[in-house]
Structures are given as structure tokens and as C-alpha cells.
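To start, the structure under review is shown below, and the notes come after it.
In our numbering, the protein residues as written are 2 to 249.
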């Protein structure tokens, strides 16, 4: 059976207590597999994280479980890689993926927030890993009033439709290191779908890759995906599966 060619892109997130594990992983792959650096890591991830944050003068509100580092992972199935004539063309493809990453997740479309980028070639798979800090110069901040909750917390103001009120903020001098606000600026609930759609349209489609079906709930799906996969409100993918022990 001949399978379709698929190229993949995914987002991996890390908390601060997981950074050392990534140092260990990269040391292991360098000793075991073929590694080509597109941007070399200067020091351990914790030191690199602190350096990039300082150089960009980013504000970071630590709450213990915050996402502090992310990685864009590019890959594909055997059918996709088998269609390349040689290693040079595969490297060229990954360089285009890296340029795409800078445009999408790079701070002001630069590599200033990117710690490192490397191509890892294993016997059964290939990947490009792009590690970066989710830093944005635009974000939303809650608008709070004078009322407090029973626990004494200041309450956020709401509009006439009882929707929470936010104000837009922007600063190139003091950007924000925040996973949530970073992706809000890239589409919010549909940000990952939009990332995959743009990657397919701008990169993988040109290499003959097929776009996988969208099985996300419609609220997380772009209009282009809805049209292409003939999705509709209440279809089998849009309906949440029954959960044992929960009654609505």
C-alpha cells in the first residue's frame, strides 16, 4: 500500500525545571546521530535562556509552572524523505523550514529569541529542532476595577455582555516573555491550526506533501481547514466524546 507523503510541524513546550533534560538530550544525539547546526547553542539552556531574556530586556512573571522555552519540530514520514534526490536537497528543505520559523516565531521576524537550531538525522527519521523563547512585543492585559472577590482578589471588569475586558499593550523596550500571550498574537485558539496551514501552504505543499485531515473541534480550526475538509458545526469531530462520571 502506497502512503501519502506527509511533512509535519509541531510545538513542544518546556518549563524551567526541564531545561537541563534538553541539554542531556542534545548531548546524546550529538554522540549518537548526525547533527548539523543551523544556529549553534553557546552554553547550557538555562544560561542561554537568561542571556536571551536579558539581551531583549524581556519581562517574565514567574509562577513556577510557566512555559519558558519552546521548540518548533519539523519532520516527515518515510515517503516524504524518499522523494528527495540527495542529502543536499534535504538540508536545503530544512533551511527553508528554518527561514519559515524565523518569520513565524522569531522576535520581530529575527532570530534574536532563537537559542539554537539543529538538524538531527537518525536511521529511521529526520528532524529540525528550533528552540526559542516565546517573547512578544504585543500583548493583552486585564482591566481590573475596585471590586474584590470573597477571597480578596481584585476582579476583572466586564462589558455589557459580561465578557472580560482587556487592553492592548505594546513595547519594544520591555517585551513580554509569555507562552499564552505569544500565541494569542498568532491567532489565539486557532494559532496552532494557522501555523500548520501556513506551513503547508508556504513550504510542504511545494514538496508534494499532502495535508492531513483536521480532527480538531471547530473552535480550534481555521476557515480554510473547514472548507477543505467539509467540516460543519456538530460533526463527529466537533462533538466532544462522552466522559465517564460527568453529566451535563
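Virtual Cβ for every residue (Gly too), placed ideally from N, Cα, C. All figures in this text were calculated on a predicted structure; none of them were measured in a lab.
Is it right to say residue i is buried, meaning 16 or more other beta carbons lie within 10 angstroms of its own, or is it exposed?
| i | result |
| --- | --- |
| residue 196 | buried |
| residue 201 | buried |
| residue 22 | exposed |
| residue 20 | buried |
Closer than 6 Å by C-beta to residue i: which residues in its own chain qualify, once you throw out the five before and the five after it? Chain order, please.
| i | result |
| --- | --- |
| residue 135 | 71, 180 and 183 |
| residue 24 | 45 and 46 |
| residue 186 | 137 and 139 |
| residue 92 | none |
Work out the CA separation of residue j and residue i for me, nearest whole Å.
| i | j | result |
| --- | --- | --- |
| residue 95 | residue 36 | 13 Å |
| residue 43 | residue 59 | 20 Å |
| residue 145 | residue 156 | 6 Å |
| residue 15 | residue 68 | 5 Å |
| residue 51 | residue 102 | 21 Å |
| residue 140 | residue 10 | 25 Å |
| residue 172 | residue 147 | 26 Å |
| residue 49 | residue 124 | 30 Å |
| residue 119 | residue 41 | 8 Å |
| residue 219 | residue 105 | Here residue 219 scores only 48 on pLDDT, less than 50, and its place in the model should not be relied on; the value that follows carries that caveat. Rounded to whole angstroms, residue 219 to residue 105 spans 23 Å at the Cα level. |
| residue 77 | residue 83 | 10 Å |
| residue 63 | residue 17 | 10 Å |
Taking the CB atoms as reference points, tell me whether residue i and residue j lie closer together than 7 Å.
| i | j | result |
| --- | --- | --- |
| residue 39 | residue 99 | yes |
| residue 129 | residue 75 | yes |
| residue 178 | residue 131 | no |
| residue 208 | residue 121 | no |
Under 7 Å Cβ to Cβ from residue i, same chain only, skipping five residues before and after it: list those, please.
| i | result |
| --- | --- |
| residue 142 | 167, 168 and 170 |
| residue 149 | 155 and 156 |
| residue 203 | 101 |
| residue 13 | 71, 72 and 74 |
| residue 192 | 184 |
Residues in its own chain within less than 8 Å of residue i by CB, not counting five upstream and five downstream?
| i | result |
| --- | --- |
| residue 107 | 113, 114, 115 and 133 |
| residue 80 | 3, 4, 5, 6 and 7 |
| residue 152 | none |
| residue 211 | 5, 6 and 7 |
| residue 175 | 58, 59 and 60 |
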